[in-house]
Amino acid sequence: MIAAETLVDIRDAVRSGTRSAVEVCRTALDRIAAVNPSLNAFNTVTPERALERAAAIDARRDDLRDRPLLGVPVALKDNLCTKGVRTTASSRVLDQFIPPYDATVVRRLEDAGAVIVAKTNCDEFAMGSSNENSAYGPALNPWATDRTPGGSSGGSAAAVAAAAVPLALGSDTGGSIRQPAAMCGIVGLKPTYGRVSRYGLIAFASSLDQIGPLTRTARDAAIALGAIGGADPADATSASEPIADFGAALTGDIRGVRIGMSEQLLDGVDAAVAAAFHAALDVLKGRGAVVVNVELPHAKYAIPVYYLVATAEASSNLARYDGVRYGVRPAGIADLRSLYSATREAGFGAEVKRRIMLGTYVLSAGYYDAYYLKAQQVRTLILRDYQQAFEHVDAVAMPTSPTPPFKIGERVSDPLQMYLTDVFTVSANLAGLPALSLPCGFTADQLPLGFQLTARRFDEAMLLRIGDAYERDTTWWTRLPPIASR
Amino acid sequence: MPAELTPAQVEAVAALANLELDSQEVDLFARQLGEILAYVDQLHEVDTTGIPPTAYVAGSGPLDRNDVVAPSFEVAEVLANAPDADTSRLEGGFFRVPRVIG
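Residue numbers (this note's numbering), protein chains in the order written: chain A, 1 to 486; chain B, 487 to 588.
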């Protein structure tokens, strides 16, 4: 079995000259080629571009040695625009799309010394909780290839879990970084809304979307966030809050840190998930954290609020796919109106259509107040629940997903059941809060489990500090699936 | 709220969304959207009298920038993704769509 190599291990090896960026890059490309036939985790791999870039880093290593991601191979969710590299959002409608620009996070990763090696599979337009809505077929879980890696950033999570890359970026609108991280046994961070520029992220629900890292450790996530975060003139919702030295927060000391949890919320949660969650809280208590009960009375409304707000925003954002400026246009269309509808009929999958339909319905005359406005009001109450909780605690803990990874095909015919998968993750998006998922155990049949911490706005440092402290007393993060030794 | 939408309701929403659904999709969405709407109806048990809506949760304030002219994309780069474009004309070219008038 190979060791669980972290971003820090790889970067330090390149910094010290023990390994060249080209060697590291070749290893990542070999690993991708070895695992992808089993996992379908990658939509596009860019070996020439990556090796060229790695060679350029090696040529300037002395000048670049302080870069925080020096020589680190990175995979990007395929809804992040990469100049000159096909970017599909796993949708047929963008099958041929080659962006004329880089997302801000792409520029920042490269400035930090990273080498982008591939674009990862995901649910179409990031809409899904199992990666089964991809136009290119589902990515599969490295721990059990008959199961979902989670979604929507399933390919990014599978890529890191299978040790193909130490860092992947995903996007999280309702749990799409954290849930696949939990289901693949790795770390996933959804930053505070506004912390990371969304410029170049293919939009799903603009008041909820946020880009973040999937990594093996909290420390790696801290370094990645430091590299990609911060204000950006190209995204008016990006925040001017300064980027802290997240690495400096990782002291291992969480004595007196107050962590809230709600036993009530665990009703109906899988027994293995609940047991692993309680064991994780015991580890934190063992390091001196204080666990107290918190009330989140509106948490049970998070799913209905989320699926109204997110679909409404999606119906508006996806209006741009009309077959005019980009996208795949069906042949032989004689009039403009048919051009729009035929493009969308041929280009979108079933879940995307379902969400556009729901969003259009709840925004339409006669239903706006009863659904969309109502959902926005309850969103305010969910936000207030957290504000009140954070008067007493520094973080709120809950499981990331109510179940372990489920089987491919198990939930596809029942959209509502699939939506309930997101019960613990959507609140952080609705309230704009940062949240971190950490691996916390396995089921009896070796399926990974995770738990999640949520903190005050812009207090990712607290999450990362708790996460790092937790990792010092646990070894879950060091475990690799058998496929990683292939 | 009835647990199922009528096919006519589904078709009306599809028209608003510029979606062309086949009859199977119409039947499926009539049932599924009805189920989802019945589920979200639980929000009506929450008293929201006087509660302001939250549209998004901002940071320290929107990041304004000065209104100055800055370089944008090359026209040719943008047109490169168009399913149909005419690049031979004035100013670098146009997106082409089916005839709209006459």
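Glycine included, every Cβ here is placed at the ideal spot set by N, Cα and C.
Since this is a predicted model, take the numbers as computed values, not measurements.
Residue burial classification, residue i (beta-carbon count within 10 angstroms, cutoff 16)
| i | result |
| --- | --- |
| B/F559 | exposed |
| A/G256 | exposed |
| A/P481 | buried |
| B/I587 | exposed |
| A/N429 | buried |
| A/V24 | buried |
| B/S574 | exposed |
| B/P557 | exposed |
| A/A248 | exposed |
| A/D66 | exposed |
| B/R585 | exposed |
| A/A365 | exposed |
| B/Q510 | exposed |
| A/K285 | exposed |
Nearest residue (CA-CA) to residue i, options the options
| i | options | result |
| --- | --- | --- |
| B/A524 | A/D473, A/D394, A/A370 and A/L433 | A/A370 |
| A/Q446 | A/D282, A/L336, A/A276 and A/A314 | A/A276 |
| A/G17 | A/D62, A/P448 and A/I333 | A/D62 |
| A/R320 | A/V426, A/I186, A/R457 and A/V93 | A/V93 |
| A/K407 | A/L7, A/P73 and A/W143 | A/W143 |
| A/M261 | A/R355, A/S338, A/P297 and A/A484 | A/P297 |
| A/R49 | A/P68, A/L7, A/R26 and A/L339 | A/R26 |
| A/K300 | A/F424, A/P47 and A/K353 | A/F424 |
| A/Q210 | A/A162, A/D95 and A/K77 | A/K77 |
| A/R456 | A/R86, A/E391 and A/F442 | A/E391 |
| A/S134 | A/T88, A/A103 and A/L109 | A/T88 |
| A/D95 | A/R108, A/E110, A/L109 and A/N79 | A/N79 |
| A/G501 | A/A163, A/A221 and A/Y136 | The structure shown has nothing for residue 501 of chain A, since chain A only spans 1 to 486. |
| A/L281 | A/K353, A/I466, A/L214 and A/L225 | A/I466 |
| A/A55 | A/A162, A/D245, A/V22 and A/W476 | A/V22 |
Test item: CB-CB of residue i and residue j under 7 Å
| i | j | result |
| --- | --- | --- |
| A/P304 | B/V526 | yes |
| A/R216 | A/P405 | no |
| A/D235 | A/R178 | no |
| A/E351 | A/M127 | yes |
| A/S153 | A/E124 | no |
| A/S526 | A/G268 | Absent from the structure is residue 526 of chain A, since the part of chain A shown begins at 1 and ends at 486. |
| A/I259 | A/V294 | no |
| A/F42 | A/A118 | yes |
| A/L250 | A/R219 | yes |
| A/L358 | B/P539 | no |
| A/A203 | A/N36 | no |
| A/L416 | B/I537 | no |
| A/V45 | A/T82 | no |
| B/V561 | A/V324 | no |
| B/E563 | A/P100 | yes |
| A/M183 | A/G150 | yes |
| A/A168 | A/T478 | no |
| A/I186 | A/V165 | no |
| A/P191 | A/G212 | yes |
| A/S315 | A/I356 | yes |
| A/A103 | A/G174 | no |
| A/T434 | A/L464 | Note that residue 434 of chain A is Pro in the sequence shown here, rather than Thr. No, Cβ-Cβ distance for A/P434 and A/L464 is not below 7 Å. |
| A/T421 | A/S129 | yes |
Neighbour list for residue i in chain C, Cβ cutoff strictly below 7 Å
| i | result |
| --- | --- |
| B/Q510 | Annotation note: the requested chain C is absent from the structure, which comprises protein chains A and B. |
Same chain, Cβ closer than 8 Å to residue i, five either side skipped, listed in chain order
| i | result |
| --- | --- |
| A/L64 | I57, L70 and G113 |
| A/V444 | Looking at the sequence shown, residue 444 of chain A is not Val but Ala. Closer than 8 Å at the Cβ level, and outside the excluded window around A/A444, lie A272. |
| A/V309 | A205, S207, L208, Y372, A375, Q376, R379 and L430 |
Proximal residues to residue i (C-beta, below 7 Å), its chain only, five neighbours per side dropped
| i | result |
| --- | --- |
| A/S238 | G194, S197, A231 and D232 |
| A/V283 | Y470, D473 and T474 |
| A/G347 | S91, R92, V93, Y321, G327 and V328 |
| B/M487 | Because B/M487 carries a pLDDT of 49, less than 50, the predicted location of this residue cannot be relied on, and no value is offered for it. |
| B/A489 | G520, E521 and A524 |
| B/G578 | V561 and A562 |
Chain-order list of residues whose beta-carbon lies under 6 Å from that of residue i (same chain, five-residue window excluded)
| i | result |
| --- | --- |
| A/A53 | This sequence places Arg at residue 53 of chain A; Ala is not what is there. Excluding sequence neighbours, A/R53 sits near V115. |
| A/Y307 | Y419 |
| A/E132 | P138 and V412 |
| A/M1 | Residue confidence is low: A/M1 scores 39 on pLDDT, short of 50, so the model does not pin down where it sits. Its coordinate-derived value is still stated next. So the qualifying residues of the chain are S485. |
Residue i CB to nearest heavy atom of the ligand SAM below 6 Å
| i | result |
| --- | --- |
| B/A501 | No copy of the ligand SAM occurs in the structure displayed, which carries no ligand at all. |
message: Any C-beta of chain B within less than 7 Å: which residues of the segment 136-157 of chain A qualify?
response: none
Residues from the segment 33-56 of chain A in contact with chain B, defined by Cβ distance under 9 Å: none
Positions along the segment 563-575 of chain B whose CB lies within less than 8 Å of some CB in chain A: E563, V564, A566, N567, A568, P569 and D570
query: Going along the chain, which residues of the segment 487-500 of chain B sit with their C-beta nearer than 7 Å to a C-beta in chain A?
result: V499 and A500
field: Contact set between the segment 199-215 of chain A and chain B, restricted to residues whose Cβ is under 9 Å from the partner
entry: S206, S207 and L208
- prompt: Which residues, in order along the segment 330-352 of chain A, keep a beta-carbon less than 7 Å from a beta-carbon of chain B?
  reply: I333, A334, D335, L336, L339, Y340, S341, A342, R344 and E345
message: Along the segment 529-545 of chain B, where does the CB come closer than 8 Å to a CB of chain A? Name the residues.
response: L529, H530, V532, T534, I537, P538, P539, T540, A541, Y542, V543, A544 and G545
- request: Report the residues of the segment 379-410 of chain A with a CB closer than 8 Å to any CB of chain B, ordered along the chain.
  value: R379, T380, L381 and L383
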